[in-house]
Amino acid sequence: MSANPPRILVVDDEPQIRRMLKTSLVPQKFEIVEASTAGAALKRLDAEEFDLIILDLGLPDRSGIEVIQEVRKSSSVPIIVLSVRNDEAGKVKALEFGADDYMTKPFGMAELVTRIRVALRHRYQTQGTQPLLRAGDLVIDLVNRHVSRAGQEIKLSPTEYDILRLLAEHAGKILTHDFLLRKVWGDDKVDDVQYLRVYVRALRQKLGDRIGENEIIRTEMGVGYRLMTGES
Numbered sequence: 000m001s002a003n004p005p006r007i008l009v010v011d012d013e014p015q016i017r018r019m020l021k022t023s024l025v026p027q028k029f030e031i032v033e034a035s036t037a038g039a040a041l042k043r044l045d046a047e048e049f050d051l052i053i054l055d056l057g058l059p060d061r062s063g064i065e066v067i068q069e070v071r072k073s074s075s076v077p078i079i080v081l082s083v084r085n086d087e088a089g090k091v092k093a094l095e096f097g098a099d100d101y102m103t104k105p106f107g108m109a110e111l112v113t114r115i116r117v118a119l120r121h122r123y124q125t126q127g128t129q130p131l132l133r134a135g136d137l138v139i140d141l142v143n144r145h146v147s148r149a150g151q152e153i154k155l156s157p158t159e160y161d162i163l164r165l166l167a168e169h170a171g172k173i174l175t176h177d178f179l180l181r182k183v184w185g186d187d188k189v190d191d192v193q194y195l196r197v198y199v200r201a202l203r204q205k206l207g208d209r210i211g212e213n214e215i216i217r218t219e220m221g222v223g224y225r226l227m228t229g230e231s
């Protein structure tokens with residue numbers, strides 16, 4: 000991260016939400032720029048560089064999904080969606096089109112700050128190839144395909160390793176069922192979520208995962224999975 004504070008573009012048509020985010024995030028050493036419409040946001044993005052976007056899906060001129068699509072044509076800047084919509088289909092659609100994370104209003108500011116920091120850290124890490132991926136006490140050696148947790152080697156099948164590698168490469172970000180199925184199996188199993196669940200269950204057992212207790216892989220119900228980093 001540079002000496003300058005990370006620049007965040009907040010895109011929301013509700014003045015009170017923009018005001019609340021600015022009031023809360025500026026003391027956390029973030030620079031906040033505001034946009035109330037999709038058009039204004041895309042104009043700012045064409046002219047300026049940002050480190051992260053906080054995006055509402057319900058904008059007055061165009062949908063937030065369209066904004067995600069436009070941004071992803073030319074940029075990998077992290078996008079965190081904030082929305083009153085809590086339907087699984089909406090979450091999946093936003094994530095599939097390129098959002099990095101999704102939070103439902105109302106939300107906790109402490110959790111949002113944590114997710115912002117996770118998304119920023121992931122972006123900086125992926126600007127260069129890392130031979131070792133780390134998430135908490137989990138270490139993945141990409142060169143030797145070696146996995147360990149708390150210093151103990153873990154033997155994984157090739158498929159289990161591929162799932163874990165994808166989750167680790169996007170640590171802190173929700174990966175949808177469809178994304179994982181396509182990346183690991185191609186189109187053959189793309190509609191078979193239960194097939195994925197079987198492998199994730201086996202992977203969790205080998206990692207010593209227990210839900211809510213030293214958890215490394217979190218289930219995002221009806222959407223996908225997220226590798227926990229110790230902060231997310």
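For the sequence shown, numbering that gives the first Met the number 0 begins at 0 and goes up steadily by one.
Note that the Cβ used here is the ideal one computed from N, Cα and C, for glycine as well.
Residue pairing from DSSP places Ala34 in a beta bridge opposite Val10. Following the DSSP letters along the chain, one finds Leu174 inside the beta strand (DSSP E) bounded by residues Ile173 to Thr175. Each residue's CA atom was taken as its position, placing Leu132 and Ala118 some 15 Å apart. Considering only Ala40, Lys205 and Ile216, the residue with the shortest C-alpha distance to Val66 is Ala40.
Ile7 sits close to Ile115, with the two beta carbons spaced by under 9 Å.
When DSSP states are grouped into helix, strand and coil, Arg84 belongs to the coil group. Rounded to the nearest whole angstrom, the C-alpha separation of Pro14 and Glu152 is 51 Å. Put simply, the backbone Cα of Ala170 is about 11 Å away from that of Asp100. Sorting Ala134, Val25, Leu20 and Glu214 by C-alpha distance to the C-alpha of Pro5 places Val25 at the top. Secondary structure of Asp136 (DSSP, three-state): coil.
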